[in-house]
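Protein chains in written order, with our numbering: chain V, 21 to 276; chain A, 50 to 365.
For reference, the structure is listed below as structure tokens.
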């Protein structure tokens, strides 16, 4: 446990001592801030129009009109940014040779992988935590429902955890950070859009594709419900890829 | 005690280490010697549990490198060949990380870090970033991380490579100092280094063991044949000289040529060490009317021994 926390500490310090974490977080906040602004402005416009016409279209509330689209957009931004955060985790150690040093220390692969994973997850949590400012502003000025906001953020955290686990895995496969990043991006995008094929494959496979899709499982979270099956999906995905990472580290040594 | 049992490693079809077997006693400083690509690094990587052997195994203080990898890793300190370090960290936090990862207890942490900092002479650079240090200091940091948990076995892969002569002397004396209270295995292709620091030398070539002995014994072993060099004026007489020398009992011409700037030629003669052939050589050469300039016998240096062991192996 203390070894996991030693690696966790080292990785976290790396993120925040180098500019990596700051650049990723700043860019994330600028883009998500712009999304919040435009979504909110649009909602504002709709409210004004409905006030003038006296006709309120469905979904004209803060959750459906602002929070859900915002969280949906954030999930796309993290899809783009998290691979950049995770690509160096193991690939860099392999490139620089410090992986050899780490492998000859009495540290289990599980401790090493979980330390690295948790560090990246922490950076992501900080990143996500900063965006709480937007719903915070809503809460300050109006009275939206709070439950969907809370569950939405839990969903995003779980989704991000599975992206980070994927990133850790792909980073363990290669000593090339670009390859690790691109592979992570490809894999997470694939999990995101796989549900789009559902209408064309017949009812049986449609259900399967939808179940695999990352977005499908986010629905319930953004509606204010935590479905066990949906939470399990993200947790399973996370542990599955972490397990693959541990296996991949073992095999790296056996193969060479 | 370290016992290496029939250790082999294949990289694809290349056999990097071939049935290597030797033992190292506790407290011994063992030199691992061989030309580049002989399998030194591969062997060390197997002993440190980084690479699994293709066949065979090794026991380190009774623990098998395959079955009890964690126990082995707890007891070793390792400096890999190109000394990989977390260059973005400063020296003290890196050593702290290494100590934590090697399982140094929390209350002993500060003491052991201060200890290695002092022992490796890192006092003036503890707060500096490793990436900005000179190669000599980086090498010390590499050794410091290896000994931070006070390991019973220290494995150093080419610890002095790429250093300037002054740094080499420093690192060597550090290794000698470290060897006083623990077992050390160090690899090198520099002979004087090994003969200065080590109690025993293992010479390997093409992944196979060529010789194991103390530096002095190795020298003795090959001293049985001694070398005599004969310098004659003018290279025109070489052929005649060779014929004359070959006629002497126990003498064998192993090299001719090497004409000096003055046009003289050098003939290297090998003979068994129990008979001094110098007087016979002088008499015969003068009888044959060859303009003899000088005769001197030469002791085999470790370099010669090394080259000969390695080439003999190649010819065999």
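Cβ atoms here follow ideal geometry from the backbone N, Cα and C, with glycine treated the same way.
Please read these numbers as outputs of a predicted model, since none were measured by experiment.
Residue 347(A) has 276(A) as its beta-bridge partners, per DSSP.
Non-local C-beta neighbours of residue 141(V) in its own chain, meaning closer than 7 Å and more than five positions away in sequence, comprise 181 and 184, ordered along the chain.
Secondary structure of residue 249(A) (DSSP, three-state): strand.
A buried status is given to residue 101(V), since no fewer than 16 other beta-carbon atoms sit within 10 Å of its beta-carbon.
With fewer than 16 neighbouring CB atoms inside 10 Å of its own CB, residue 303(A) falls in the exposed class. Shown here for residue 201(A): same chain residues with a beta carbon closer than 7 Å to its own, the five before and five after excluded, namely 110, 124, 231 and 232 in chain order. One alpha carbon belongs to residue 271(V), the other to residue 161(A), and they sit about 34 Å apart. Burial is judged here by how many other beta carbons sit within 10 angstroms of a residue's own beta carbon; residue 72(V) has fewer than 16 and is exposed.
As for any beta strand (DSSP E) of minimum length 3 sitting wholly inside the segment 110-157 of chain A, the runs are 125-128, ordered along the chain. At a cut-off of 8 Å between C-beta atoms, residue 169(A) does not count as an interface residue with respect to chain V. When Cβ-Cβ separations below 8 Å define contact, residue 30(V) makes contact with chain A. Scanning chain V for C-beta atoms nearer than 7 Å to the C-beta of residue 131(A) yields 117, reported in chain order. With contacts defined by Cβ atoms closer than 8 Å, residue 177(A) and residue 140(A) form a contacting pair. Residue pairing by DSSP places residue 56(V) opposite no residue, since no beta bridge is assigned to it.
Look at the beta carbons and you see the segment 197-216 of chain V not touching the segment 124-143 of chain V: under three pairs across the two are nearer than 8 Å.
Residue 217(A) and residue 209(A) have their alpha carbons spaced roughly 6 Å apart. Distances from the alpha-carbon of residue 129(V) to those of 221(V), 255(V), 41(V) and 192(V) put 192(V) closest. Residue 199(V) sits in a helix when the DSSP states are folded into three classes. When Cβ-Cβ separations below 8 Å define contact, residue 54(V) makes no contact with chain A. Within the segment 121-132 of chain V, the residues whose Cβ lies closer than 7 Å to any Cβ of chain A are, in chain order, 121, 123, 124, 125, 126 and 127. Under the DSSP assignment, residue 96(A) falls in the alpha helix (DSSP H) whose first and last residues are 89-96. At a cut-off of 8 Å between beta-carbon atoms, residue 159(A) makes no contact with chain V.
In summary, the residues of the segment 90-110 of chain A whose CB is separated from some CB of chain V by less than 9 Å are 94, 97, 98, 99, 100 and 101, in the order they occur in the chain. Taking 8 Å as the upper bound for CB-CB distance, residue 193(A) and residue 166(A) are in contact here, some 7 Å apart. Remark: C-beta atoms of residue 27(V) and residue 135(V) approach each other more closely than 8 Å.
Annotation: the segment 127-162 of chain V contains no complete segment of the beta strand (DSSP E) (minimum length 3 residues). In the structure shown, residue 257(A) adopts extended strand secondary structure according to DSSP, grouped into three states. About 24 Å separates the beta carbons of residue 170(V) and residue 105(V), which is beyond the 8 Å limit, so they are not a contact pair. With a threshold of 16 other beta carbon atoms within 10 Å, residue 266(A) falls short and is exposed.
Following the DSSP letters along the chain, one finds residue 59(A) inside the beta strand (DSSP E) bounded by residues 51-60.
Around residue 227(A), the same chain offers 196, 203 and 233 as residues with beta carbons nearer than 7 Å, after the five sequence neighbours per side are excluded.
Residue 292(A) and residue 220(A) have their C-alpha atoms some 50 Å from each other. For residue 23(V), the neighbours in chain A by C-beta distance under 8 Å run, in chain order, 149, 150 and 152. Here DSSP, grouped into helix, strand and coil, assigns residue 203(A) to strand.
One alpha carbon belongs to residue 54(A), the other to residue 80(A), and they sit about 18 Å apart. Following the DSSP letters along the chain, one finds residue 221(A) inside the alpha helix (DSSP H) bounded by residues 214-227.
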